[in-house]
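Protein chains in written order, with full-length UniProt numbering: chain A, 1 to 287; chain B, 1 to 287; chain C, 1 to 287; chain D, 1 to 287.
The C-beta atom is built at its ideal place from N, Cα and C for all residues, glycine as well.
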């Protein structure tokens with residue numbers, strides 16, 4: 001069991017009365033991710049709600065802010081009890097046996113146009129042995145071809161753009177890997193959160209995007225950008241792609257500053273401090 | 001109350017053993033659409049399941065077919081008890097009050113890239129009075145600019161393509177209207193089914209795509225292609241866009257023939273025959 | 001006759017030896033644009049050539065620079081003797097009579113995908129009276145729908161992107177107008193230069209992109225962005241679209257600063273100072 | 001010296017009076033392609049012109065046809081005296097020494113968006129030894145990744161689409177190879193014509209699209225689709241991409257039938273019959 005303590009501070013300047021915000025900045029409740037304690041402080045005295053999406057478990061903070069500064073502080077301690085398995089024992093699930101609620105994740109979405117990549121996926125991955133290792137091959141294919149580079153992509157960039165321009169940030173790596181999995185008839189989804197252990201060379205800590213792939217009855221973690229230690233990922237939201245799980249969706253004229261984010265490993269309930277580390281095992285926190 | 005009787009026959013030639021099919025050809029169960037009776041006949045003696053998606057109510061028929069002909073016959077009698085309201089009494093729901101399960105329908109999707117249309121939507125519809133009439137304006141804007149024409153679009157065509165090339169079929173009209181609604185922060189979804197009363201000039205009866213828009217607590221029907229009588233629509237599936245609700249998703253080498261579809265109005269439980277007609281009221285079968 | 005005096009200073013930091021530059025920063029020689037005097041100063045003592053493209057009259061300065069600062073100063077005095085005509089007397093040239101060397105300008109190009117806009121152009125402009133006024137209608141259509149806004153487009157943006165996102169800078173306005181002209185079978189080309197009389201609200205003077213349209217045997221000036229006085233345009237280059245006439249094409253690792261540009265009207269050979277002004281006449285400096 | 005005799009028959013049904021046609025179906029005059037004899041027969045008695053573009057040598061047949069059938073028969077005997085060289089002796093031309101009239105062929109065009117492929121080209125080909133062999137590597141890269149398949153692309157398909165969907169016809173192979181050459185700063189152009197020796201498995205003989213690349217002072221032939229024997233190519237037109245050199249550009253409502261094309265090797269002026277054959281030498285008919 002790993003316990004991570006994270007904090008994040010978001011800062012906005014609201015220029016239009018009653019600007020609406022939908023945040024996805026709460027640690028998700030999953031079968032293997034438990035929120036031990038958390039706090040939320042908002043500098044404006046406005047009504048706010050936190051709703052949980054019954055399908056995904058995403059938690060959404062919603063509020064309408066008045067003109068002026070808006071500041072959100074969130075802290076949480078999160079316990080991760082990863083399901084770990086040997087990669088060679090994790091099979092793909094044939095389409096015929098995919099649960100109904102998973103089917104949506106083999107269809108194309110806004111930023112993951114898997115429908116255009118069937119031939120490419122078939123040529124590159126079609127002959128590979130089915131199972132976790134095939135997904136790992138897809139993950140490595142993306143990691144090798146795409147260069148991590150800021151300011152080469154924007155919020156409009158899709159998996160196809162990334163494939164063509166061969167550069168991007170974590171979000172772009174995730175979209176391309178997802179599109180290639182779906183084009184191989186393997187369900188894959190976009191996941192956001194905070195990652196422990198990121199190399200400071202990547203700049204100040206930011207929200208992270210990674211991938212969960214449905215195999216052998218669970219959702220397994222992959223980080224195609226290679227910037228995170230998968231064991232150190234705290235999940236906030238999961239969806240089809242970035243269109244579903246922006247950390248903040250804003251309706252109104254609002255200026256923003258970069259988020260300030262921290263995360264550290266702390267001692268768990270048993271007093272032991274366990275650090276996330278790179279492992280060869282397959283990891284899941286959901287399913 | 002309107003009772004419609006529909007039948008459809010699908011015919012395939014399966015060239016690969018264990019080809020998988022996911023059909024969405026069952027009339028949906030909604031608060032105002034009731035399936036009075038139905039039958040399903042499949043010429044192959046294979047196991048089949050019909051599952052209902054808890055979120056959308058879509059019903060999915062799944063089966064694995066053997067090599068050779070595969071034929072599916074479905075018939076149903078469906079009662080529609082439309083909620084009808086005066087358009088001027090139907091308000092938009094402010095973003096702040098949109099239910100969590102509706103939020104996904106304001107985000108962009110594979111074929112409805114609303115994120116790229118905010119400025120256009122703002123200029124064209126931003127000054128319009130909020131409510132049903134604004135959505136009607138969007139529907140009419142699409143209907144006036146797009147020409148109904150077969151073979152001008154394909155399964156890869158999106159709302160943006162339709163906006164540029166100004167031609168398409170019902171699916172393309174629906175995608176563009178949905179994208180413009182979402183770009184105006186109005187939830188909209190893609191709906192498929194069979195429509196009663198289509199002009200024979202459009203050719204043999206086919207599956208139809210139309211739009212449901214979330215207003216005043218319910219999903220209201222719009223047919224931007226202008227080919228259907230909204231009161232005569234029987235719903236099969238609803239989703240983000242065509243990526244979610246193909247009437248048949250096929251995994252394997254399979255040849256297909258055009259579907260054969262019939263629909264007629266019949267007398268209801270009270271012995272009265274009520275025909276769908278064009279009305280100025282707002283209509284909903286869900287919500 | 002108008003005489004304009006312009007100067008421009010370009011400043012680079014060359015980080016790779018033998019970096020290659022192709023500049024298109026010389027005032028073009030056309031039938032009605034005469035370079036009275038000009039000077040070119042380059043801070044590096046490297047061989048340089050100035051070539052004139054026989055087809056377009058574009059003049060290209062080419063050089064290979066050493067590591068370190070590279071600075072280019074260009075000044076010129078240019079006489080413009082516009083051909084002016086009443087718009088109602090300028091007819092379109094039927095395709096059958098277009099000169100061979102003009103034909104290329106009705107075909108689509110990198111940023112002007114006119115092949116996808118035939119239906120839209122036909123619906124919007126097909127019923128308009130042929131001639132200068134139809135082109136003016138196209139120009140106004142673009143000017144009204146597109147908002148001038150920096151940082152909404154980039155070097156990858158095309159006419160289609162501009163049509164969808166309804167915002168851009170002079171280059172984007174030009175691409176969209178060109179695409180719509182070509183989709184109407186009217187030859188149009190992308191022209192770059194410096195414009196006199198730009199409103200300081202648009203920021204420091206920069207290179208300008210505008211449109212020349214082939215009508216009645218000559219190329220007529222249009223400024224869809226509305227930021228320039230057409231009579232005050234000094235032409236540098238002309239081509240299919242921005243892909244052909246970048247003011248600087250650079251091969252190598254080079255940093256750059258914004259150009260510093262000035263232009264003023266001065267007294268001509270006859271001692272008279274004539275200022276460019278907005279006129280209703282059709283204007284041409286070529287043909 | 002190879003002498004090829006070709007014939008082609010084009011057949012249209014003109015439904016609109018004064019429909020305009022621009023054909024590029026004459027064998028080009030190049031330094032090494034000589035038209036020994038040719039004939040053109042048009043079934044309608046209408047004025048026609050054949051113009052030669054001074055820059056490319058493309059020959060354009062132009063005419064306005066009356067309502068009714070339009071039939072064009074063209075035959076020619078063409079002598080090809082290929083320049084042949086050992087591949088290892090053919091160097092690339094540094095950008096700094098590219099002739100002005102060649103520069104346009106390193107810029108992106110409608111169907112060859114080389115500007116988006118710089119990183120990909122750098123990663124795949126940047127470390128290769130410069131010269132003919134690098135271009136051969138690009139050609140082979142395309143040939144290996146793209147599957148020849150009809151009905152997978154259309155007239156709107158670009159190099160980017162082909163790269164993504166990994167299938168197409170000769171035109172698509174050519175666009176992708178051209179885009180990758182330009183992204184590597186190697187001038188490349190789109191060439192059309194008739195190819196001798198095509199495998200009947202590809203169906204009835206059709207117009208062919210291939211690539212010419214500028215190396216060591218000349219334009220060298222490449223056939224990325226692998227369907228032709230480069231020595232058997234008779235050139236009709238050359239341009240930036242397919243937008244420039246359609247074999248027929250039609251203005252008006254016109255129906256068309258597939259072209260009927262034949263080509264055979266015949267004895268030359270010296271009475272010798274030389275057959276085109278696959279060779280390892282680099283081949284050029286221009287420059």
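When DSSP reads this structure, residue 37/A sits in a beta bridge with 77/A.
Non-local beta-carbon contacts of residue 211/A in its own chain, meaning distances under 8 Å to residues more than five positions away in sequence, involve 139, 174, 177, 178, 181, 188, 189, 190, 191, 221, 222, 223, 224 in chain order. For the 8 Å CB-CB criterion, residue 55/B and residue 55/A form a contact. Here residue 209/B has 170, 171, 174, 192 as same chain residues with Cβ atoms under 6 Å from its own Cβ, once five neighbours each way along the sequence are excluded.
Residue burial annotation: residue 286/A is buried, with at least 16 other C-beta atoms found within 10 angstroms of its C-beta.
Residue 150/B and residue 167/B have their C-alpha atoms spaced approximately 8 Å apart. Look at residue 221/C here: in three-state DSSP terms it is strand. When the Cα atoms are used, residue 282/A and residue 84/A turn out to be separated by approximately 6 Å. The segment 162-210 of chain C is shown to contain whole beta strand (DSSP E) runs of 3 or more residues at 188-195, in chain order. Put simply, of 37/B, 270/B, 20/B the residue whose alpha carbon is nearest the alpha carbon of residue 48/B is 20/B. For the 8 Å CB-CB criterion, residue 72/C and residue 102/C do not form a contact. For the segment 161-175 of chain A, the beta-carbon criterion of a distance under 9 Å to any beta-carbon of chain D is satisfied by 161, 163, 164, 165, 166, 167. Per DSSP, residue 285/C is not a residue of any alpha helix (DSSP H); the beta strand (DSSP E) it occupies stretches across 282-286.
If you ignore the 5 residues before and after residue 165/C, its C-beta comes within less than 7 Å of the C-beta of 152, all in its own chain and listed in chain order. With contacts defined by Cβ atoms closer than 8 Å, residue 24/D and residue 252/D do not form a contacting pair.
One thing to note: residue 79/A has its Cβ no nearer than 8 Å to the Cβ of residue 50/A.
The beta carbon of residue 113/C sits closer than 8 Å to those of 158, 159, 160, 179, all from its chain and outside the five residues before and after it, given in chain order. Within the segment 107-141 of chain B, the residues whose Cβ lies closer than 8 Å to some Cβ of chain C are 116, 117, 119, 120, 123, listed in chain order. Per DSSP, residue 107/A is not a residue of any alpha helix (DSSP H), being assigned neither H nor E.
Flagged as an interface residue toward chain D: residue 20/C, by a C-beta distance shorter than 8 Å.
Between residue 14/C and residue 260/C, the C-beta spacing is not below 8 Å.
Under the three-state reduction of DSSP, residue 69/C is assigned to strand.
Looking at the DSSP output, residue 214/C bridges to 219/C. Chain C has a Cβ within less than 8 Å of the Cβ of residue 244/D. At a C-beta separation below 7 Å, residue 55/D has these neighbours in chain C: 55. The Cβ neighbour count for residue 121/C, taken over all protein chains shown within 10 Å, is at least 16; the residue is labelled buried. With contacts defined as CB atoms closer than 8 Å, residue 198/C and residue 6/C fail to qualify as a contacting pair. Along the segment 77-104 of chain C, going in chain order, the ones with a CB nearer than 8 Å to a CB of chain D are 94, 95, 96, 100, 101, 103, 104. In the DSSP annotation of this structure, the continuous segment of the beta strand (DSSP E) that includes residue 248/D starts and ends at 248-251. Taking each of 1/B, 18/B, 33/B in turn and checking the Cα distance to residue 250/B, the smallest one comes out for 18/B.
For residue 23/B, DSSP records a beta bridge to 61/B, 248/B. Beta-bridge partners assigned by DSSP to residue 3/B: 79/B, 266/B. Around residue 51/A, the beta-carbon contacts reaching into chain B at under 8 Å are 100. Taking 7 Å as the cut-off between beta carbons, the residues of the segment 235-264 of chain A near chain B are 243, 244, 251, in sequence order. Rounded to the nearest whole angstrom, the C-alpha separation of residue 94/B and residue 163/B is 27 Å.
In chain order, 63, 64, 65, 66 place their CB closer than 8 Å to the CB of residue 46/D, counting only its own chain and leaving out the 5 sequence neighbours on each side.
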